[in-house]
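Colleague:
The following block contains the structure:
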């Protein structure tokens, strides 16, 4: 059982809302009340006076980041599960975060936000690993290059995208990321890929569409876009110059 007991209203409000949003069962106590016998994890504020109890895991929370405290509490409740982050690469990659065998967070974010999201999720965790699908080669390479200093495994993502039923539209990338997280991959430090002629042609076509048919970037600029060194807008600007 998770118990929330703190005299800090903002901490209490933030932690309780986070637990409710996740559907986690918990109970609350006043700071001076005895804890229930079934208590295994106590979430409390930084200023609350609780003596260390070897039978109870005490998690300190603050009002700014209540989610971080809830995740530490859930990890303690489940035991020492390794943090695994699965990524399904694309324009808006799916991200699934596991602690042991349980998903503790999921995201569907622009590719530019992936590195920051991963860094936040693995902060303070022991022995994390990031597993990224080997599809969408150019986008996957960009993600790998931008990830924080963490072990990375490249996973064969064949068959990881599930069939989606009614009402599940938009969930495919996140579910694929969850499947990718559960597959051990090949450890890598970086990934070098060369854009194919078809990929370069597609980027050149996009540049023409974004400029309303005014201009088309050349092969050199298209390659830099493919490798994530320039955006289409930046490439068009350089082409104008």
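In UniProt numbering, the protein residues as written are 1 to 241. Built from N, CA and C at the ideal position, the CB exists for glycine as well.
For residue 207, does the count of other Cβ atoms within 10 angstroms reach 16, so buried, or fall short, so exposed?
Modeller: Burial call: buried.
Colleague: With burial defined as no fewer than 16 other Cβ atoms inside 10 Å of the residue's Cβ, what is the status of residue 164: buried or exposed?
Modeller: Per the 10 Å Cβ criterion, exposed.
Colleague: Between which residues of its own chain and residue 129 is the CB-CB distance below 8 Å, once the five residues before and five after are set aside?
Modeller: If we look at residue 129 and ignore the five residues flanking it on each side, its Cβ neighbours are 82, 83, 84, 85, 150, 151, 152, 153.
Colleague: State whether the stretch 214 to 234 contacts the stretch 114 to 134, with contact taken as three or more CB pairs (one from each stretch) at a distance under 8 Å.
Modeller: These segments do not touch.
Colleague: So, under 8 Å CB-CB, residue 76 and residue 41 are touching, yes? Tell me the CB distance rounded to an integer number of Å.
Modeller: At roughly 5 Å, the Cβ-Cβ gap stays under 8 Å, so residue 76 and residue 41 are in contact.
Colleague: For a quick check, are the C-beta atoms of residue 3 and residue 36 less than 8 Å apart?
Modeller: Yes, they are a contact pair.
Colleague: Whole-angstrom Cβ separation of residue 115 and residue 89, contact assumed at under 8 Å?
Modeller: Contact doesn't hold; Cβ gap of about 12 Å is too wide.
Colleague: Taking C-beta to C-beta, are residue 66 and residue 11 nearer than 8 Å?
Modeller: Taking 8 Å as the Cβ cut-off, residue 66 and residue 11 qualify as a contacting pair.
Colleague: Compute the Euclidean distance between the alpha carbons of residue 230 and residue 6, then round it to the nearest angstrom.
Modeller: For residue 230 and residue 6, the distance between alpha carbons rounds to 49 Å.
Colleague: Which class does residue 29 belong to by DSSP, given the choice of helix, strand or coil?
Modeller: Looking at residue 29 - three-state DSSP - the assignment turns out to be coil, as it is neither helix nor strand.
Colleague: Go through its chain and collect everything with a Cβ distance to residue 186's Cβ below 7 Å, but skip five positions before and after it.
Modeller: These residues qualify, in order along the chain: 153, 154.
Colleague: Quick one: using the 10 Å Cβ neighbour count with 16 as the cut-off for buried, is residue 176 buried or exposed?
Modeller: Label assigned to residue 176: buried.
Colleague: Work out the CA separation of residue 195 and residue 39 for me, nearest whole Å.
Modeller: Cα to Cα, residue 39 sits roughly 56 Å from residue 195.
Colleague: Per DSSP, what kind of secondary structure is residue 16 in: helix, strand or coil?
Modeller: Residue state, collapsed to three classes: helix.
Colleague: Go ahead and label residue 98 buried or exposed: buried means 16 or more other beta carbons lie within 10 angstroms of its beta carbon, across all protein chains shown.
Modeller: Per the 10 Å Cβ criterion, buried.
Colleague: Could you check which residue in 59, 239, 238, 146 has the C-alpha nearest to that of residue 190?
Modeller: Taking only the C-alpha atoms, the option nearest residue 190 is 146.
Colleague: Between residue 62 and the rest of its own chain, which residues show a CB-CB distance below 7 Å, the 5 nearest in sequence each way excluded?
Modeller: So the list reads 11, 46, once near-sequence residues are dropped.
Colleague: Can you tell me the Cα-Cα spacing of residue 49 and residue 33, whole angstroms?
Modeller: The alpha-carbon atoms of residue 49 and residue 33 are separated by roughly 12 Å.
Colleague: Would you mind reading off the limits of the beta strand (DSSP E) that contains residue 187?
Modeller: Where residue 187 is concerned, the enclosing beta strand (DSSP E) stretches over 186 to 188.
Colleague: Tell me the start and end of each unbroken beta strand (DSSP E) in the stretch 119 to 170 that is at least 3 residues and wholly inside, in chain order.
Modeller: Qualifying beta strand (DSSP E) stretches, in chain order: 129 to 133, 152 to 155.
Colleague: In chain order, what residues of the same chain lie with their CB nearer than 6 Å to the CB of residue 278, ignoring the 5 residues before and after it?
Modeller: This structure leaves residue 278 out entirely; the chain is present only between 1 and 241.
Colleague: So, with DSSP's three-state summary, where would you put residue 35?
Modeller: DSSP places residue 35 in coil when its eight states are reduced to three.
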